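Chemist:
In UniProt numbering, the protein residues as written are 1 to 291.
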């Protein structure tokens, strides 16, 4: 039995669907049902389900708003994960915790590996880094799964935003000096479902892993792919203009390099994500009614 916390988010919804499709027993709770910053609520959820693995898919993900909503970001990304890990430790239940590329500053020129020092640039990244530390401190029986540039059918994400803007505008201006690995929620859900049975029986697998879509691109390249894929379906082909980060200032700084080396995950679990471009095509077609 897998217990999913954060069931209302884009990953939580995808994970429930994937678990159902694969006939994996699971229970899922949204923020309204279980506030992860409430220790008694988390404990009740574990008592009610007696899971073999807990997945924390809950997080505060409003990167720019986090610069002002510092306490909300801490509750969702630092305090809540620490509470979950503490309850899991008391129940001797393994925990899979989802983290992010934002724990890095993006200054490295090569892909990031798990052992690289973290150096977050903003409140969101700092609270996610603190959440990782809280999980590690509370329980040894954990997987911290860092991922990046997440998109999918559910929730709000870059791919869905570009699809909407492609319907509304004739020109899109998109940052071209930040690189990363777009990662579909379908792949992340499949990765989690591969991890779960393994860590229930093999403590040697605990630790931090990077998992992201295969290949790398810029936000501009990602947007171009989305526009090109939807154009034959919708008849809309806005121009996609490359701009710099300085041309599009935001309250929170973004890492210039968010590319992950996912070799450790592939060697440990025998699984890797699909090509970001292939998955992008598939999700665009699904969302535009051509999938």
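The beta carbon of each residue, even a glycine, is placed where N, CA and C say it ideally should be.
Only a predicted model underlies this, so the values are computations on that prediction, with no experimental measurement involved.
#1: Using C-beta distances below 8 Å, list every residue in its chain close to residue 57, excluding the 5 sequence neighbours before and after it, in chain order.
#2: What ranges does the alpha helix (DSSP H) occupy inside the stretch 221-283, keeping only unbroken runs of at least 4 residues that lie completely in it?
#3: Please list the terminal residues of the continuous alpha helix (DSSP H) segment that includes residue 102.
#4: For residue 147 and residue 211, I'd like the C-alpha separation in whole angstroms.
#5: From 45, 137, 25, pick the residue whose C-alpha is nearest to that of residue 32; which is it?
#6: So, helix, strand or coil for residue 56, using DSSP?
#7: Measure the CB-CB distance between residue 103 and residue 66 and report whether it falls below 8 Å.
#8: With C-beta atoms as the reference, is residue 214 less than 8 Å away from residue 276?
#9: Considering only residues of the same chain and omitting the five flanking positions on each side of residue 173, which have a CB-CB separation below 6 Å?
#10: So, do the stretch 189-208 and the stretch 130-147 have three or more beta carbon pairs nearer to each other than 8 Å?
#11: I think residue 260 touches residue 111, with their Cβ atoms under 8 Å apart; what is that distance to the nearest whole Å?
#12: Taking residue 130 as the reference, which of 35, 254, 85 has the closest Cα?
#13: Hey, is the stretch 187-194 in contact with the stretch 17-29, meaning 3+ C-beta pairs nearer than 8 Å?
#14: If contacts are defined as beta-carbon pairs under 8 Å, then residue 53 and residue 2 qualify, I think. What distance do you get, rounded to the angstrom?
#15: Using beta-carbon positions only, say whether residue 78 and residue 138 come within less than 8 Å of one another.
#16: Where do the N-terminal and C-terminal ends of the beta strand (DSSP E) with residue 27 fall, by residue?
#17: Spatial neighbours of residue 271 within its chain, please: C-beta separation below 8 Å, excluding the five flanking residues on both sides.
#18: Please list, in chain order, all residues of the same chain as residue 187 whose beta carbon is under 7 Å from its beta carbon, the five residues on each side excluded.
#19: Using a threshold of 8 Å, state whether the C-beta atoms of residue 159 and residue 283 are closer than that.
#20: Reducing DSSP to helix, strand and coil, say where residue 295 ends up.
#21: Can you tell me whether residue 101 is buried or exposed, with buried defined as 16 or more other CB within 10 angstroms of its CB?
#22: Would you mind stating whether residue 121 and residue 255 have Cβ atoms separated by less than 8 Å?
#23: Count the other C-beta atoms from every protein chain shown that fall within 10 angstroms of the C-beta of residue 307, then say buried if there are 16 or more, exposed otherwise.
#24: Quick one, are the C-beta atoms of residue 287 and residue 163 less than 8 Å apart?
#25: For residue 76, which residues of its own chain have a beta-carbon under 7 Å away from its beta-carbon, when the five flanking residues on both sides are left out?
Modeler: Result, derived from the coordinates:
#1: Close CB contacts of residue 57 within its chain, under the 8 Å cut and outside five residues either way in sequence, are with 4, 5, 6, 7, 9, 11, 12, 15, 98 (chain order).
#2: Whole alpha helix (DSSP H) segments, 4+ residues: 263-269.
#3: Per DSSP, residue 102 belongs to no alpha helix (DSSP H) and is neither H nor E.
#4: 5 Å
#5: Closest option to residue 32, Cα to Cα, is 45.
#6: strand
#7: no
#8: yes
#9: 241, 243
#10: yes
#11: 6 Å
#12: 85
#13: yes
#14: 5 Å
#15: no
#16: Where residue 27 is concerned, the enclosing beta strand (DSSP E) starts and stops at 26-29.
#17: 190, 191, 194, 265
#18: The beta carbon of residue 187 sits closer than 7 Å to those of 213, 273, 274, 279, all from its chain and outside the five residues before and after it, given in chain order.
#19: Yes, they are a contact pair.
#20: Lying outside 1 to 291, the shown extent of the chain, residue 295 is not represented and no answer is given.
#21: buried
#22: yes
#23: Only positions 1 to 291 of the chain appear in the structure, and residue 307 is not among them; the question remains open.
#24: yes
#25: 58, 59, 60
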